[in-house]
């Protein structure tokens with residue numbers, strides 16, 4: 001902005017110094033200040049300015065004081081919010097003339113707020129729609145994960161039940177087999193004891209029989 005200022009304002013300042021008052025008013029009155037500069041002047045009200053910056057007299061006073069222009073441009077650089085707010089306020093003032101026909105700028109002032117409001121609402125609606133879409137996608141993923149987790153949990157429960165039933169079945173079979181083996185061993189030992197007794201009795205009877213035959 002500082003590089004742009006000399007090539008635009010300084011020639012006007014040099015010319016204004018050599019012209020008559022009427023000529024200066026005619027030339028300077030045809031110039032248009034940046035909205036940011038006008039907003040800064042209305043906001044700061046620097047000493048030495050006796051008229052509004054949008055009037056020919058105000059522009060003349062401001063152009064003859066380049067240090068104020070530099071301050072205005074430095075302070076207003078990048079401050080679009082202040083510019084728009086000041087412009088809207090200025091539009092409100094222009095829309096309420098004390099007398100005479102409506103000024104040409106009134107139509108633009110009337111369009112400024114509705115157009116900005118509609119644009120803001122449109123952007124906000126788009127933002128909300130995008131946030132809802134993202135939230136629905138996240139919820140869908142969560143429900144899918146919960147369904148899959150539920151299926152896995154049900155499968156795990158069924159598998160655990162089957163493992164428990166198989167373990168109980170094997171334990172019962174082992175107990176039954178051990179009991180059967182114990183009974184078979186007892187029966188076998190009982191048979192062996194009985195067979196030994198039978199053999200002992202037979203041997204005893206044989207010895208007794210042999211003793212009688214060899215007696216006197």
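In the UniProt record's numbering, the protein residues as written are 1 to 216.
The beta carbon of each residue, even a glycine, is placed where N, CA and C say it ideally should be.
C-alpha distance - residue i paired with residue j, whole-angstrom precision
i	j	result
residue 178	residue 167	16 Å
residue 184	residue 170	21 Å
residue 74	residue 43	14 Å
residue 123	residue 153	44 Å
residue 72	residue 55	17 Å
residue 259	residue 157	Outside the displayed span of the chain (1 to 216) sits residue 259, for which this structure offers no information.
residue 131	residue 125	10 Å
residue 151	residue 160	14 Å
residue 205	residue 195	15 Å
residue 193	residue 164	43 Å
residue 203	residue 172	46 Å
residue 133	residue 41	47 Å
residue 142	residue 149	10 Å
residue 69	residue 129	45 Å
residue 9	residue 59	Caution applies to residue 9, whose pLDDT of 47 falls short of 50 and renders its modelled position unreliable; the model cannot decide the point.
residue 145	residue 127	27 Å
residue 186	residue 209	35 Å
residue 121	residue 135	21 Å
residue 181	residue 198	25 Å
residue 140	residue 155	22 Å
residue 78	residue 147	Model confidence at residue 78 stands at a pLDDT of 46, short of 50, so the residue's coordinates are unreliable and nothing is read from them.
residue 207	residue 174	49 Å
Whether residue i touches residue j by CB criterion (7 Å)
i	j	result
residue 67	residue 49	no
residue 38	residue 53	yes
Reduced DSSP secondary structure (H/G/I, E/B, other) of residue i
i	result
residue 49	coil
residue 54	coil
residue 64	coil
residue 95	With a pLDDT of only 47 at residue 95, under the threshold of 50, the placement of this residue in the model should not be trusted; the figure read from the coordinates follows. Correct three-state label for residue 95: helix.
Cβ distance (whole Å) where residue i is taken to contact residue j below 8 Å
i	j	result
residue 51	residue 57	4 Å
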